[in-house]
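To start, the structure itself, in structure tokens.
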Ligand code: SF4
Ligand code: SF4
Ligand code: SF4
């Protein structure tokens, strides 16, 4: 008898849905994936829903208390949970709001209707449920997603680099932007995108999250030695890494 295909489901929380669009893109360029897995729920692409799946890919951050119940429900139903993209993995750009008092932001955006909207500080989904793997990036890398599906089908976990972007940048023989006095977070950012931005002459903004134990002090020193303005470093770090680098501040705002 033919072995049943792994049942795969996709879920979205707070995000722009760009990672799900990248998945759709990957399914078009790698249609063979559709004969390796059975997609049973994917709001972006189909209307069917189910309570039974083996692998849940979750896009988006947890930004409401009510998200927690839904996340726990997905976790209970799935053997494997994968955080899909920066919003789910690190909080992503959504975590920028953690630098402010949430009620103040709500009033600015919704004015007198602000009480009708639920909002909370932003958290990566790993702060609410246990995750088994993550695919970083904003958006995710299509090739990395395809490799992740292959690994999961073979019963292993996706292998995500834990070394910095600089290594890939050097392999591309790019002239270092920091050496030219231009801001770049490559030394503390997780590789895997092939140093996409520095290869185009744009400083890395850290969308893939940090390597384990990033040396911020050394990065600050290099920025100052190379005459990059300190506010440039702060501004770059706040785009994707607010939650990763300032979880204590988040809690301070929450209790204020
Ligand atoms: S990680 Fe980026 S592309 Fe993916 S959902 Fe979040 S904002 Fe969109
Ligand atoms: S340009 Fe950025 S990523 Fe490339 S070597 Fe310099 S600091 Fe590292
Ligand atoms: S270079 Fe940095 S910002 Fe650009 S895609 Fe790679 S990790 Fe993201």
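Numbering (this note's numbering), first residue to last: -8 to 247.
Glycine is no exception: its CB is placed at the ideal position from the N, C-alpha and C atoms.
N- and C-terminal bounds of the alpha helix (DSSP H) containing residue 209: Within the chain shown, the letter at position 218 stands for residue 209. 207 to 216 is the span of the alpha helix (DSSP H), which, as asked, contains residue 209.
Shell residues, 5 Å Cβ cut-off relative to heavy atoms of ligand 2: 156, 157, 160, 167, 168, 169, 175, 177 and 189
Short Cβ contact (9 Å threshold) for residue 80 with residue 86: For the purposes of this step, residue 80 is taken as the residue at position 89 of the chain shown. For the purposes of this step, residue 86 is taken as the residue at position 95 of the chain shown. Cβ atoms of residue 80 and residue 86: not closer than 9 Å.
Proximity to residue 64 [Cα-Cα], best of 77, 49 and 76: The residue labelled residue 64 in the question sits at position 73 within the chain shown. The candidate whose alpha carbon is nearest that of residue 64 is 49.
Residue range of the unbroken alpha helix (DSSP H) whose run includes residue 289: The question about residue 289 has no answer here: the residues shown for the chain are numbered -8 through 247.
For residue 17 and residue 125, believed in contact at Cβ under 8 Å, the rounded distance: By one-based count along the chain shown, residue 125 stands at place 134. By one-based count along the chain shown, residue 17 stands at place 26. No, residue 125 and residue 17 are not in contact; Cβ-Cβ is about 17 Å, not under 8 Å.
Span of the beta strand (DSSP E), counted from its first residue to its last, around residue -2: Walking along the chain shown from the start, residue -2 turns up at place 7. From DSSP, the beta strand (DSSP E) with residue -2 extends over -2 to 3.
Rounded straight-line distance, which links the Cα of residue 186 to that of residue 239: For this step, residue 239 is matched to residue 248 along the chain shown. For this step, residue 186 is matched to residue 195 along the chain shown. Only weak support is given to the placement of residue 239: the predicted model assigns it a pLDDT of 46, under 50, and the value that follows is read from those uncertain coordinates. About 30 Å.
Chain-ordered list of residues that sit, by beta carbon, closer than 5 Å to a heavy atom of ligand 1: 6, 7, 9, 10, 76, 77, 78, 83, 129 and 130
Inter-stretch contact (C-beta, 8 Å, three-pair minimum) for the stretch 144 to 153 and the stretch 178 to 197: yes
Any non-hydrogen atom of ligand 5 closer than 8 Å to residue 186 Cβ: This structure lacks ligand 5; its bound ligands are ligand 1, ligand 2 and ligand 3.
Any non-hydrogen atom of ligand 3 within 8 Å of residue 146 CB: Position 155 of the chain shown, counted from the first residue, corresponds to residue 146. Residue 146 Cβ: outside cutoff for every heavy atom of ligand 3.
Coil, strand or helix - residue 184 by DSSP: The count along the chain shown starts at 1 and reaches residue 184 at position 193. Looking at residue 184 - three-state DSSP - the assignment turns out to be coil, as it is neither helix nor strand.
Backbone secondary structure at residue 36 - three-state DSSP: Numbered from 1 along the chain shown, position 45 holds the residue referred to as residue 36. In the structure shown, residue 36 sits in coil (DSSP, three-state: anything other than H, G, I, E or B).
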